[in-house]
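Some notes on the structure that comes next.
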Amino acid sequence: MSETHYHDPKLSVEIAGIRFNNPVIGASGTFGYGLEFAELIDLNRIGGFVTKGLSAKSLPGNPPARIVETHGGMLNAIGLQNIGARAFIKEKLPQLKKYDTRIIANVFGYSDDEYIEAITILNDGDGICAYELNISCPNVKEGGIVIGNSPDAAARLTEKAKRASTKPLIVKLSPNVTDVTVLARAIVQAGADSLSLINTIIGMSVDIVKQRPRLNYGTGGLSGPAIRPIAVRMVYEVAGAVKVPLIGIGGIASASDALEFIIVGATAIQIGTANYYDPQVMIKTIEGLSRHCESQNITSLSNLINSISRN
Ligand SMILES: Cc1cc2nc3c(=O)[nH]c(=O)nc-3n(C[C@H](O)[C@H](O)[C@H](O)COP(=O)(O)O)c2cc1C
1318 MSETHYHDPK
1328 LSVEIAGIRF
1338 NNPVIGASGT
1348 FGYGLEFAEL
1358 IDLNRIGGFV
1368 TKGLSAKSLP
1378 GNPPARIVET
1388 HGGMLNAIGL
1398 QNIGARAFIK
1408 EKLPQLKKYD
1418 TRIIANVFGY
1428 SDDEYIEAIT
1438 ILNDGDGICA
1448 YELNISCPNV
1458 KEGGIVIGNS
1468 PDAAARLTEK
1478 AKRASTKPLI
1488 VKLSPNVTDV
1498 TVLARAIVQA
1508 GADSLSLINT
1518 IIGMSVDIVK
1528 QRPRLNYGTG
1538 GLSGPAIRPI
1548 AVRMVYEVAG
1558 AVKVPLIGIG
1568 GIASASDALE
1578 FIIVGATAIQ
1588 IGTANYYDPQ
1598 VMIKTIEGLS
1608 RHCESQNITS
1618 LSNLINSISR
1628 N
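Residue 1318 is where the sequence shown starts when you use the working numbering, and the numbers rise one by one after that.
Take a look at the structure:
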């Protein structure tokens, strides 16, 4: 086995019957369609990655300014720009086949029907191992309510998506809610195989000279290290409420950050914003997890999942 394909067996984890070589996954929207990173890191070494959100039809996204740096993070209002589900299958998937890594397709739509249409197209995508449903988006047919804020709407969409899907279904929770466990329970009851959390937190930044929002769209999604403690708290709460495997996301930039999420209940983790300032961050995190297991005599990283003491 060549050095580039070495995998530490202690790091292997399973989610909804899918085996990942390690629990470190690139987060949606920050890892393109995977190929963009193939020149920067060895894709064979990462556990997997999630595609940019895919819809049935391609979309241009929002006009600039779409990204603003903030203390310990960034705000983005990219919008859900993407090449469309069919183009992903035709143009990107064939090139991704040669890599030994898991590909998760992130899916969204502006109505339940649009989600189902995207899933139906992607069911033909040979090499997609699971779907991640982005429910942090407005439903145009329901007056713009965000599905991820309504337990009823989220459960209804999960049920339909599960029925339409030929692959395991991960539902990605929005943090912009009062009690994330209410959403988590409703979505699991409706048939989700796994939950990932968190998506970005709605924020705003102001240009004090122009007296205008710094983002053209007005508000944006906050990501990066600044949101990590919020994300850890939410994974901790959800792990106490449901039984399905969780994928922790939010400000992860090192093995110790990843371990916090695993200890409070995550089976795997995703790294987003940190990829922008350090393309090697996923590799370093995997190596750091191996070193931690070694130094702490941990025979399998999965022994640490939800090992936190709860009162
Ligand atoms: C520029 C950008 C684009 C994103 N696009 C998507 C997307 O298309 N679908 C989605 O579910 N999440 C999207 N996200 C959210 C991330 O996947 C992740 O949940 C969030 O950024 C928190 O993780 P982080 O702090 O490690 O970045 C995006 C985030 C950023 C920064």
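Where is the CB? At the ideal position from N, CA and C, for every residue including glycine.
{"query": "Among L1328, Y1427, A1394 and P1326, which has the Cα closest to the Cα of G1346?", "result": "A1394"}
{"query": "Return the chain-ordered list of same chain residues with a C-beta closer than 6 Å to the C-beta of S1573, the five sequence neighbours on each side being excluded.", "result": "none"}
{"query": "Does the structure place the stretch 1475-1490 close enough to the stretch 1433-1443 that three or more beta carbon pairs sit under 8 Å?", "result": "yes"}
{"query": "Out of A1472, Y1594 and G1401, state which residue places its alpha-carbon closest to the alpha-carbon of L1357.", "result": "Y1594"}
{"query": "What runs of the beta strand (DSSP E), each 3 residues or longer, lie entirely inside the stretch 1520-1547?", "result": "1536-1540"}
{"query": "Tell whether a beta-carbon distance below 7 Å holds between Y1416 and N1361.", "result": "yes"}
{"query": "In whole angstroms, what is the alpha-carbon distance linking A1404 and S1540?", "result": "28 Å"}
{"query": "Roughly how many angstroms lie between the CA atoms of C1610 and S1571, to the nearest whole one?", "result": "15 Å"}
{"query": "With DSSP run on the structure shown, which of helix, strand or coil describes P1380?", "result": "coil"}
{"query": "According to DSSP, which residues form a beta bridge with N1451?", "result": "K1489"}
{"query": "Would the beta-carbon of A1344 be found less than 6 Å away from any heavy atom of ligand 1?", "result": "yes"}
{"query": "Considering E1356, what are the terminal residues of the alpha helix (DSSP H) in which it resides?", "result": "Careful: E1356 lies outside any alpha helix (DSSP H) and carries neither H nor E."}
{"query": "At a cut of 8 Å, does the stretch 1382-1397 reach the stretch 1506-1522 through at least three beta carbon pairs?", "result": "yes"}
{"query": "For a quick check, are the C-beta atoms of G1582 and N1623 less than 7 Å apart?", "result": "yes"}
{"query": "How would you call Q1587, buried or exposed, if buried means at least 16 neighbouring beta carbons within 10 angstroms?", "result": "buried"}
{"query": "So N1466 and S1491 are supposed to be a Cβ contact under 8 Å. How far apart are they, rounded?", "result": "6 Å"}
{"query": "Would you call the stretch 1335-1342 and the stretch 1363-1372 in contact, with 3 or more CB pairs under 8 Å?", "result": "yes"}
{"query": "Is the distance from the Cβ of A1630 to the Cβ of I1421 below 7 Å?", "result": "Residue 1630 lies beyond the stretch modelled for the chain, which goes from 1318 to 1628, so this question has no answer here."}
{"query": "Could you tell me the alpha carbon to alpha carbon distance between G1589 and I1580, rounded to whole angstroms?", "result": "20 Å"}
{"query": "Could you please give the first and the last residue of the uninterrupted beta strand (DSSP E) stretch that includes A1645?", "result": "This structure leaves residue 1645 out entirely; the chain is present only between 1318 and 1628."}
{"query": "According to DSSP, is Q1613 helix, strand or coil?", "result": "coil"}
{"query": "In the DSSP assignment, find the unbroken beta strand (DSSP E) run with E1331 in it and report its ends.", "result": "V1330 to I1332"}
{"query": "Closer than 6 Å: is that where the CB of S1540 sits relative to any heavy atom of ligand 1?", "result": "yes"}
{"query": "With a threshold of 7 Å on Cβ separation, who are the neighbours of A1585 within its own chain once the five nearest residues in sequence on each side are excluded?", "result": "V1330, I1332, F1337, P1340, I1342, G1364 and I1564"}
{"query": "Between the C-alpha atoms of K1327 and V1505, what's the straight-line distance to the nearest angstrom?", "result": "28 Å"}
{"query": "What residue does the alpha helix (DSSP H) around R1473 start on, and which one ends it?", "result": "P1468 to A1481"}
{"query": "In whole angstroms, what separates the C-alpha of T1495 from that of Y1323?", "result": "43 Å"}
{"query": "Starting from the Cα of Y1534, find the closest Cα among K1489, L1392, G1349 and F1348 and give me that residue.", "result": "L1392"}
{"query": "Does the beta carbon of T1590 fall short of 6 Å from some heavy atom of ligand 1?", "result": "yes"}
{"query": "Give the secondary structure of F1348 by DSSP, where H, G and I count as helix, E and B as strand, and everything else as coil.", "result": "coil"}
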